[in-house]
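Number of protein chains: 2
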Amino acid sequence: MCAVIGLAGFANAAAQDVFGDCRGRWMEIAGQTIPELTVTEVSPVSVVEVVADTAAFQGWRCIPKAGLDTLSEANFRRIRSVTLDFGRHLTGRLKFRLKTLGDVMDAPVKLKFVFGETPAEMAEPFDPWRGSLSRGWMQDEMLTVDAADCDILLDRRMAFRYLRIELFGGNFDFALDGVRCLATTSAGELKTALDNSCPKIIRDINDVSLATLRECMQTVYEDGPKRDRRLWIGDLYLESLAGRYSYQNHQLTKHCLYLFAALTDNNGRLLADLFEHPEPHPQWGTYCFTYSLLYSSILLEYLNDTGDIGTARDLWPVVKVQMEDAVRRVRDNGWVDASRAWLFFDHAVLDAEVPFQGAVMFALEQTCELARKIGCGDQVEQWSKLQAKIRKGARKRYYNPREHLMLSPGGAPASVHAQIWAIIGGILSPKEGARALETVLKKEDAVRPASPYAMHYLLEAMLRCGMNEAARSTMIEYWGGMVRKGADTFWEVYDPADDFRAPYGFYPLNSYCHAWSCTPTYFIFKYPEVFQK
Amino acid sequence: MCAVIGLAGFANAAAQDVFGDCRGRWMEIAGQTIPELTVTEVSPVSVVEVVADTAAFQGWRCIPKAGLDTLSEANFRRIRSVTLDFGRHLTGRLKFRLKTLGDVMDAPVKLKFVFGETPAEMAEPFDPWRGSLSRGWMQDEMLTVDAADCDILLDRRMAFRYLRIELFGGNFDFALDGVRCLATTSAGELKTALDNSCPKIIRDINDVSLATLRECMQTVYEDGPKRDRRLWIGDLYLESLAGRYSYQNHQLTKHCLYLFAALTDNNGRLLADLFEHPEPHPQWGTYCFTYSLLYSSILLEYLNDTGDIGTARDLWPVVKVQMEDAVRRVRDNGWVDASRAWLFFDHAVLDAEVPFQGAVMFALEQTCELARKIGCGDQVEQWSKLQAKIRKGARKRYYNPREHLMLSPGGAPASVHAQIWAIIGGILSPKEGARALETVLKKEDAVRPASPYAMHYLLEAMLRCGMNEAARSTMIEYWGGMVRKGADTFWEVYDPADDFRAPYGFYPLNSYCHAWSCTPTYFIFKYPEVFQK
Chain A
1 MCAVIGLAGF ANAAAQDVFG DCRGRWMEIA GQTIPELTVT EVSPVSVVEV VADTAAFQGW
61 RCIPKAGLDT LSEANFRRIR SVTLDFGRHL TGRLKFRLKT LGDVMDAPVK LKFVFGETPA
121 EMAEPFDPWR GSLSRGWMQD EMLTVDAADC DILLDRRMAF RYLRIELFGG NFDFALDGVR
181 CLATTSAGEL KTALDNSCPK IIRDINDVSL ATLRECMQTV YEDGPKRDRR LWIGDLYLES
241 LAGRYSYQNH QLTKHCLYLF AALTDNNGRL LADLFEHPEP HPQWGTYCFT YSLLYSSILL
301 EYLNDTGDIG TARDLWPVVK VQMEDAVRRV RDNGWVDASR AWLFFDHAVL DAEVPFQGAV
361 MFALEQTCEL ARKIGCGDQV EQWSKLQAKI RKGARKRYYN PREHLMLSPG GAPASVHAQI
421 WAIIGGILSP KEGARALETV LKKEDAVRPA SPYAMHYLLE AMLRCGMNEA ARSTMIEYWG
481 GMVRKGADTF WEVYDPADDF RAPYGFYPLN SYCHAWSCTP TYFIFKYPEV FQK
Chain B
1 MCAVIGLAGF ANAAAQDVFG DCRGRWMEIA GQTIPELTVT EVSPVSVVEV VADTAAFQGW
61 RCIPKAGLDT LSEANFRRIR SVTLDFGRHL TGRLKFRLKT LGDVMDAPVK LKFVFGETPA
121 EMAEPFDPWR GSLSRGWMQD EMLTVDAADC DILLDRRMAF RYLRIELFGG NFDFALDGVR
181 CLATTSAGEL KTALDNSCPK IIRDINDVSL ATLRECMQTV YEDGPKRDRR LWIGDLYLES
241 LAGRYSYQNH QLTKHCLYLF AALTDNNGRL LADLFEHPEP HPQWGTYCFT YSLLYSSILL
301 EYLNDTGDIG TARDLWPVVK VQMEDAVRRV RDNGWVDASR AWLFFDHAVL DAEVPFQGAV
361 MFALEQTCEL ARKIGCGDQV EQWSKLQAKI RKGARKRYYN PREHLMLSPG GAPASVHAQI
421 WAIIGGILSP KEGARALETV LKKEDAVRPA SPYAMHYLLE AMLRCGMNEA ARSTMIEYWG
481 GMVRKGADTF WEVYDPADDF RAPYGFYPLN SYCHAWSCTP TYFIFKYPEV FQK
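Protein chains in written order, with the working numbering: chain A, 1 to 533; chain B, 1 to 533.
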């Protein structure tokens with residue numbers, strides 16, 4: 001009886017924690033690979049006025065005005081409010097001092113700060129609150145300052161280009177002096193450069209890509225330094241791809257891979273996102289199957305970039321658990337059951353079942369490739385075979401050769417996403433894929449990509465089908481559109497037809513520096529013949 | 001010629017800085033004597049509701065309500081606002097944590113805090129601002145919290161008993177957990193105790209005196225931990241007197257004496273108040289002659305308490321310069337010129353010339369006593385003689401024996417203050433003084449004390465004249481009045497007839513824990529036969 005209890009206990013323990021001691025060790029490695037942040041003191045470049053302008057992005061424009069030269073001498077008690085432009089997107093903490101102009105400071109001063117990534121955030125009132133996410137995301141702060149002539153450092157890290165400072169309480173003569181951002185990034189040195197012969201719009205898109213990535217590279221690959229300020233698997237994948245052709249901070253990728261591994265649940269399943277503070281912890285309950293499946297691709301790309309076979313082998317069990325979860329969903333006739341799972345492809349509303357077939361196929365292919373490279377090919381023999389079965393089953397169930405499209409059997413509207421993933425997953429041949437994409441993009445009622453995240457995969461699919469010109473023009477139209485609208489960094493959500501499109505009910509909630517939009521640099525350098533000419 | 005230049009240079013240098021190298025050394029000693037603060041974690045004692053009540057002090061009363069037991073488990077997302085009563089006045093920083101109740105915190109939370117020494121500060125809106133001092137004195141803060149389940153410490157030190165916390169932005173389920181004040185003081189152990197046979201009202205007054213002093217004893221003797229949070233000579237004097245009969249932290253007195261000495265101006269003149277941060281510095285330009293004259297009394301009392309003759313000798317030059325400044329004002333016929341000087345005796349508007357005579361006489365007497373005790377009697381021989389001259393001159397110029405009052409020759413209204421200081425300075429005999437006080441206190445149109453600071457000197461004068469019963473009843477009526485109105489600590493300004501009396505246009509600006517009101521404990525222990533029976 002003791003033995004039985006012991007056995008049951010062991011079995012439970014195994015069920016409770018498939019990775020056993022590994023997770024502790026993985027967390028140790030994550031702890032050892034936290035990247036150092038470089039800190040740069042950045043000064044504002046001008047004082048600006050935010051003015052309404054229907055021609056400007058979101059209806060607001062910043063106009064430079066005089067005052068920066070004299071700011072550190074001018075009596076802020078009289079000025080009362082100033083808006084500063086730091087010239088580029090920054091992620092960091094604000095430093096400043098109140099410089100006494102004559103008499104000593106004999107009472108506290110209350111200052112209000114509003115930080116914004118865009119001019120509109122400087123102008124649009126936040127209250128009464130209309131967003132569906134927390135009001136806490138808005139970057140406004142109040143501070144009571146007790147001492148002058150010493151550096152004051154705001155506690156909270158901000159993501160911004162613009163900053164308004166308002167005097168709220170205080171009646172002594174002082175100047176705002178030494179206003180700086182202690183900007184942080186773990187990006188390090190840029191390892192690539194475009195030739196000047198490269199078209200200007202491509203160079204501009206590349207620059208904004210690089211800025212976006214740099215700002216999101218902190219102690220993890222954040223999704224956005226304003227919001228959500230944390231690590232998601234989907235963003236990590238795209239950031240590591242863009243990183244290959246830019247900052248090449250592969251240790252950051254390793255750090256993030258280990259964090260996710262250490263924070264799997266007791267069944268070994270990955271959570272979609274994680275937080276670093278106060279201790280690393282995942283967003284419990286948030287499983288995103290399409291993100292979990294990308295983990296193998298991130299590890300494979302990391303292995304390709306670094307040759308670090310030890311890490312790949314160490315984390316292989318994590319890849320395997322995610323893949324096994326997917327394989328359990330393969331039905332007898334070959335299609336993959338998409339029910340009871342969060343399958344994220346885009347902010348757009350779409351039937352995720354069809355693109356999911358491609359996502360599983362892509363994961364199988366990447367996983368098998370990874371296994372072979374680390375000498376675990378024998379563990380994936382069954383999965384290699386499974387690919388043909390799924391391909392056949394998915395084509396039968398979803399591909400309409402008459403319409404040249406992957407379609408939902410339930411009659412949901414056709415989506416660009418379904419074609420993209422059928423191409424990436426090898427369900428459609430390049431030729432079929434090109435036809436499908438051309439068809440669906442012309443289709444009026446088709447569901448189209450609604451985020452740079454989905455646009456990334458559209459470009460990927462186009463390039464896989466040899467639609468080089470379409471890929472190029474899509475990049476120039478979409479990412480170039482943000483550049484033309486004044487983007488310093490690329491946005492979480494961008495709709496060329498609607499400047500106010502935002503995912504959460506109030507457009508200043510949009511993250512205007514969002515990692516998943518940073519991949520143009522990946523395409524530009526991976527396919528120079530397509531983009532650099 | 002060289003010699004002349006050299007001489008001129010030396011003379012100028014001397015004129016520019018009479019204390020030369022001493023000030024650097026004094027600052028070093030001040031640095032070595034910074035007291036240690038003890039930190040005590042204090043929990044709230046109840047959740048309260050602030051309700052209007054015309055019978056209550058300033059029209060507001062805190063009523064305990066249920067909720068404290070469950071606060072650390074209750075969903076603050078639903079509660080949204082709570083007012084806590086910490087049961088006593090505290091000076092310190094707030095610590096708390098957001099405890100997740102279920103899902104992880106996935107967005108920042110904005111909290112608003114309002115700290116108050118009195119119930120009214122919890123209820124009275126601060127905006128639009130009506131005070132004549134900075135809005136910055138009001139203890140309201142906004143904070144954006146990014147992480148849950150870890151201690152959050154507010155940067156700013158607050159002085160409060162009550163605290164309202166409001167949810168301003170944030171939509172996840174959390175409880176306010178571990179709400180504590182890290183209360184600080186340098187008071188140390190209480191060295192005295194009243195016998196239980198002592199009347200309850202006296203014991204209560206004594207307790208509130210001690211709390212007031214304890215809260216003001218930080219790294220300097222502050223005037224008030226809410227406002228002005230700094231060291232004034234006048235408060236230092238009264239705090240050190242009260243300290244003798246309570247905490248006996250004489251090193252704190254020494255620290256403050258050295259700070260003032262180190263921060264004299266180039267002519268050796270004391271500034272009336274000083275700030276500790278970011279570096280010790282005085283309020284340049286703020287000379288208060290009556291305060292400068294009290295420096296000798298503080299040093300004398302310190303010497304009496306400690307026997308530290310080294311310090312007294314070291315700082316004797318500072319005393320001398322202040323006294324010389326006063327002596328230069330003595331006119332041929334004996335009275336002291338009060339023009340071109342800030343002479344503070346009270347918040348009440350009064351002709352300061354008459355009480356100034358007494359203040360100079362008191363300083364002369366104290367200075368001569370100090371000089372004799374440290375072996376510098378020879379330096380003050382002239383000043384000893386001067387006392388008789390001033391006494392004679394002042395009596396001739398100001399004393400009206402028919403009215404039995406010290407009166408302004410300019411016809412300004414009679415003031416209690418003029419009588420008080422004539423008694424303390426020995427211009428009137430005890431008998432004359434008692435007659436003068438009795439007369440002036442009955443006089444309808446006389447200027448009366450408008451602050452506990454002036455009330456202290458009234459008690460002092462009464463006791464010098466043998467008006468023991470009047471002193472006792474004055475203490476019970478005045479300080480006891482605050483006790484009956486619910487004071488945890490004594491106030492900067494208290495008018496028994498007007499709960500809203502405040503010096504700066506908006507009554508919540510009043511400092512409700514103010515050092516200059518802490519001296520009942522001094523009187524109670526110095527004159528046990530008067531107060532303890």
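For every residue, glycine included, the Cβ atom is placed at its ideal position computed from N, Cα and C.
Would you mind stating whether residue i and residue j have Cβ atoms separated by less than 8 Å?
i, j, result
"R397/B", "W335/B", "yes"
"L94/B", "Y162/B", "no"
"D296/A", "V319/A", "Note that residue 296/A is Ser in the sequence shown, not Asp. Yes, Cβ-Cβ distance for S296/A and V319/A is below 8 Å."
"L315/B", "L294/B", "no"
"R230/A", "D273/A", "yes"
"P225/B", "T33/B", "no"
With respect to the beta strand (DSSP E) encompassing residue i, which residues constitute its N-terminal and C-terminal limits?
i, result
"I165/A", "158 to 169"
"H89/A", "81 to 100"
"S46/A", "46 to 52"
"G178/B", "174 to 185"
"K385/B", "That residue, K385/B, is in no beta strand (DSSP E); its alpha helix (DSSP H) goes 381 to 398."
Where residue i and residue j are concerned, what is the direct C-alpha to C-alpha distance, given to the nearest angstrom?
i, j, result
"R472/B", "P64/B", "35 Å"
"A211/B", "G243/B", "12 Å"
"H456/A", "K431/A", "20 Å"
"S384/A", "C150/B", "47 Å"
"L71/B", "C368/A", "53 Å"
"M217/A", "T185/A", "6 Å"
"F506/A", "L350/A", "22 Å"
"Q283/B", "D146/B", "38 Å"
"F289/B", "V18/B", "19 Å"
"L252/B", "P280/B", "15 Å"
"T519/A", "S134/B", "51 Å"
"F168/A", "A363/A", "55 Å"
"Y504/B", "V104/A", "19 Å"
Is it buried or exposed, residue i, if we count other Cβ atoms within 10 angstroms and call 16 or more buried?
i, result
"V51/B", "exposed"
"I309/A", "exposed"
"E239/A", "buried"
"E353/B", "buried"
"T40/A", "exposed"
"K200/B", "exposed"
"F542/A", "What is shown of chain A runs 1 to 533, which leaves residue 542/A out entirely."
"T38/A", "exposed"
"F172/B", "buried"
"T521/B", "buried"
Between which two residues does the alpha helix (DSSP H) holding residue i run?
i, result
"L459/A", "452 to 464"
"A352/A", "Where A352/A is concerned, there is no enclosing alpha helix (DSSP H), given that its DSSP letter is neither H nor E."
"F539/B", "No answer is possible for residue 539/B: it lies beyond the span of chain B, which begins at 1 and ends at 533."
"P119/B", "119 to 123"
"F289/A", "289 to 306"
Is residue i near the ligand NAD, in the sense that its beta carbon is under 7 Å from a heavy atom of that ligand?
i, result
"S46/B", "For the ligand NAD, the structure offers nothing, since it holds no ligand at all."
Based on the DSSP secondary-structure assignment, which residues constitute the bridge partners of residue i?
i, result
"R203/B", "R203/B pairs with nothing; no bridge assigned."
"H404/B", "Looking at the DSSP assignment, H404/B forms no beta bridge with any residue, so it has no partner."
"S415/B", "V447/B"
"W284/B", "Answer by DSSP bridge pairing: none, since W284/B is not bridged."
"G116/B", "Y162/B"
"D273/B", "W232/B"
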